[in-house]
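Below is one structure, written out as structure tokens, with a few remarks after it.
Residue numbers (full-length UniProt numbering): 1 to 757.
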């Protein structure tokens with residue numbers, strides 16, 4: 001990656017080796033962390049060309065189709081190549097000193113030649129690298145939008161959803177795929193955002209349907225072209241013709257860093273065009289108020305409106321309402337059935353009186369709130385509008401019986417009694433609102449956060465490095481079988497959250513990157529379009545993983561998580577009943593013991609094994625000022641889960657000691673931009689929330705607060721802001737709410753990582 005002249009104004013950038021070279025070494029964490037084994041190592045220079053070819057033989061010549069039909073060993077290996085290319089790009093960006101005028105010298109106090117006592121230089125340097133990457137991702141999402149808009153669109157309208165229109169009901173069917181050629185490949189950063197978008201299946205289906213991009217939906221990842229573009233050093237290259245085609249189609253440069261350092265933006269109030277900086281983080285402060293920073297703010301010089309992220313969320317909502325009023329384009333969140341995730345034929349509670357209730361939000365906006373919504377972006381307001389204002393308008397409307405009856409067209413003496421909005425109507429409101437909290441992009445999901453969460457998975461795959469294993473293809477064959485078993489369990493246990501291990505998740509992700517094929521498979525296996533939850537409470541994730549592991553062992557007679565870290569040892573220990581162990585009849589103990597006596601455990605070191613896949617783990621926002629009952633409940637659940645893990649770990653230690661073994665200590669370290677963090681369980685990834693407009697590792701709970709449900713739309717007060725996952729906006733279950741409410745921590749059982757099943 002070239003750092004352009006405009007980015008380096010105060011000093012020359014430090015030389016940085018590309019693709020796999022070791023980043024600079026920095027001071028270890030106080031107390032002595034282990035060596036940094038989490039960062040990729042460059043191949044030893046003494047390797048001969050023959051030895052290097054042998055090392056890369058597993059993935060040097062893969063047989064992959066242009067469009068995959070199902071996960072195979074070769075498509076999974078091609079996916080691993082792509083993930084390694086993403087990881088190399090991430091390191092290249094983060095370690096490029098001076099990019100966006102963010103220099104490593106900012107880690108040293110101004111006007112001093114050395115670090116002040118007590119200052120952790122390594123931690124500061126890690127934040128500098130993370131900030132470069134955060135800005136890069138924000139720009140990548142913007143570039144992805146330009147690419148998305150380059151496809152010929154045929155937007156869905158509400159009338160398409162009536163009757164048996166093939167444009168609606170037949171959209172997911174496998175036909176009319178994009179005819180991919182090598183000239184159509186986007187740059188790697190755009191490919192990375194598209195990859196994250198497709199790994200949120202229901203959201204991706206909704207967006208493709210709203211814009212009418214059936215060819216893109218049916219096409220999926222063009223594996224043959226992508227595989228050929230990535231070499232064995234994980235460099236992504238394209239022909240000059242491909243680069244020119246990209247330039248012409250999108251008007252953007254091929255290299256993310258070569259695009260303009262300003263973002264073209266019109267004032268939502270007066271439409272005055274502006275050029276706003278992508279980042280203002282040129283000094284020691286790293287939060288910033290540029291368009292790609294965590295606290296974006298810019299004052300319009302024409303109408304004095306303060307443009308910030310919250311106003312842009314409202315502007316997006318207003319634009320969608322205008323499209324609804326003028327073009328009959330349905331609002332996001334009202335397109336797919338909340339239970340199945342499919343485009344189901346609309347039904348009514350009473351076809352003679354009550355209209356289709358999935359479209360209730362559209363009618364509410366068309367028949368009652370239209371003027372109030374459009375006024376939210378008028379110039380001259382005392383303070384910029386936010387989605388809080390929208391939430392209040394909706395809350396007030398659905399509390400009013402007269403308004404509800406007007407919106408639903410209910411008249412006459414027969415209907416003078418109390419009218420209650422149905423579950424589907426309430427959930428449709430919640431799903432619609434979830435598309436805007438913390439998200440001012442045109443998509444149904446804040447894709448910057450999605451890229452960050454998927455990057456966690458990419459980094460773990462790169463660290464395990466199955467690509468360079470002599471048994472790589474055999475490993476892929478085994479994990480595909482395990483993935484098929486996982487779906488078998490999902491179909492048989494539709495009321496439970498299932499959590500994948502890293503190997504299962506690789507096959508699952510690979511399958512999702514062929515969206516139409518994946519849709520047909522999941523509907524056949526589970527009768528619903530199975531989602532992959534992009535956000536799930538870290539405590540719920542851990543509890544669900546324990547259940548998944550126990551059930552897998554019971555069904556297939558094998559350990560689920562083939563890993564010997566302290567956490568996986570603790571999980572396996574939890575499956576062994578004290579009574580069964582005492583009587584010598586514990587099936588789970590025999591399965592666990594066979595894992596060791598067979599020698600399999602020796603091949604599963606803690607840092608190179610199929611651990612729990614926790615890239616989607618998030619903390620729940622427990623702001624007591626908003627909802628003390630919900631917050632207190634969540635904290636109680638969290639403490640109970642921690643206590644359970646503690647007890648299971650003690651059991652695992654005692655059991656291992658009796659067998660003459662030891663298990664790893666809990667002081668495990670995860671390296672984030674070269675800085676060690678201690679890992680305690682499958683908890684969320686270490687990120688700096690202030691670097692991002694929407695915290696990628698937090699979800700809201702409760703109602704009535706920022707990111708939360710509109711009161712009256714969520715029976716148990718679950719947060720709409722936490723609804724970016726299993727139900728195309730639901731809360732982690734097949735419909736997000738079960739019977740209309742979310743449960744204490746923002747989700748119901750019945751999906752989660754296996755959402756929708």
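C-beta: ideal position from N, C-alpha, C; glycine also.
Exercise. Three-state secondary structure (DSSP) at residue 510?
Worked result: helix
Exercise. Of all the alpha helix (DSSP H) runs that stay within the bounds of the stretch 296 to 334, which reach a length of 4 or more residues?
Worked result: 309 to 327
Problem set entry | Collapsed DSSP secondary structure at residue 61 in the structure displayed | coil
Exercise. Can you give the beta carbon distance from residue 190 to residue 140, rounded, assuming they're within the 8 Å contact cut?
Worked result: 6 Å
Exercise. Using DSSP with H/G/I as helix, E/B as strand and the rest coil, what is residue 536?
Worked result: The answer is strand: DSSP assigns residue 536 an E or B state.
For this session: Please report how far the alpha carbon of residue 260 lies from the alpha carbon of residue 136, in whole angstroms.
Result: Straight-line Cα distance between these residues: approximately 12 Å.
Problem set entry | Buried versus exposed call for residue 273 [16 or more other C-beta atoms within 10 Å across all chains shown] | exposed
Exercise. Touching or not, the stretch 219 to 230 and the stretch 67 to 83, by the rule of three or more beta carbon pairs under 8 Å?
Worked result: With the cut-off at 8 Å, the stretch 219 to 230 and the stretch 67 to 83 touch.
For this session: Specify, as a first and last residue, the run of the alpha helix (DSSP H) that residue 760 falls within.
Result: Outside the displayed span of the chain (1 to 757) sits residue 760, for which this structure offers no information.
Problem set entry | Between the CA atoms of residue 427 and residue 358 - distance to the nearest angstrom | Approximately 8 Å, taken between the alpha carbons.
Problem set entry | Residue environment, residue 356, which counts as buried when at least 16 other CB atoms sit within 10 Å | buried
For this session: With DSSP as the reference, label residue 279 as helix, strand or coil.
Result: coil
For this session: Would you list the one or two residues that DSSP bridges to residue 264?
Result: 275
Exercise. Would the beta-carbon of residue 326 fall within 8 Å of that of residue 300?
Worked result: no
Exercise. Which residue comes first and which comes last in the alpha helix (DSSP H) that contains residue 150?
Worked result: Unbroken run through residue 150: none, as it is neither H nor E.
Exercise. Measuring CB to CB, does residue 345 end up less than 8 Å from residue 205?
Worked result: no
For this session: Could you check if residue 459 is buried or exposed, using at least 16 other CB atoms within 10 Å of its CB as the buried criterion?
Result: Within 10 angstroms of the beta-carbon of residue 459 lie 16 or more other beta-carbons, which makes it buried.
Exercise. Can you check whether the CB of residue 88 is closer than 8 Å to the CB of residue 296?
Worked result: No, these two residues do not count as a Cβ contact at 8 Å.
Problem set entry | Proximity of residue 519 and residue 529 at Cβ, strictly below 8 Å | yes
Exercise. Residue range of the alpha helix (DSSP H) that residue 194 falls in?
Worked result: 188 to 198 is the span of the alpha helix (DSSP H), which, as asked, contains residue 194.
For this session: Determine the direct distance from the alpha carbon of residue 469 to that of residue 176, and round the result to whole angstroms.
Result: 38 Å
Problem set entry | Rounded separation between residue 545 and residue 79 - CA only | 24 Å
Exercise. What residues are listed by DSSP as bridge partners for residue 501?
Worked result: 612
For this session: For residue 481, count neighbouring Cβ atoms within 10 angstroms of its own Cβ and tell me buried if that reaches 16, exposed if not.
Result: With fewer than 16 other CB atoms across the displayed protein chains lying within 10 angstroms of its CB, residue 481 is exposed.
For this session: Note down the Cα distance separating residue 61 from residue 188, rounded to an integer number of angstroms.
Result: 21 Å
Problem set entry | Segment limits, alpha helix (DSSP H) that includes residue 286 | No residue range can be given for residue 286, since it is assigned to no alpha helix (DSSP H) and is classified by DSSP as neither H nor E.
Problem set entry | Under 8 Å between C-beta atoms of residue 58 and residue 691 | no
For this session: Please go through the same chain and pick out, in chain order, the residues whose beta-carbon is closer than 6 Å to the beta-carbon of residue 230, but skip the five residues on each side of it.
Result: 81, 85, 236
For this session: For the alpha helix (DSSP H) holding residue 50, just list the boundary residues, first then last.
Result: 49 to 55
Exercise. If you draw a straight line from the alpha carbon of residue 554 to that of residue 446, how long is it in whole angstroms?
Worked result: 38 Å
For this session: Whole angstroms is fine: what's the gap from residue 487's alpha carbon to residue 508's?
Result: 9 Å
Problem set entry | Three-state class that DSSP yields for residue 545 in the structure shown | helix
For this session: Note down, in chain order, each residue of its chain lying with its Cβ closer than 8 Å to the Cβ of residue 477, except the 5 sequence neighbours on either side.
Result: 73
Exercise. What are the boundary residues of the alpha helix (DSSP H) that includes residue 218?
Worked result: 214 to 219
Problem set entry | C-beta atoms of residue 278 and residue 257 nearer than 8 Å | Taking 8 Å as the Cβ cut-off, residue 278 and residue 257 do not qualify as a contacting pair.
Exercise. What separation, rounded to the nearest whole angstrom, lies between the Cα atoms of residue 473 and residue 467?
Worked result: 9 Å
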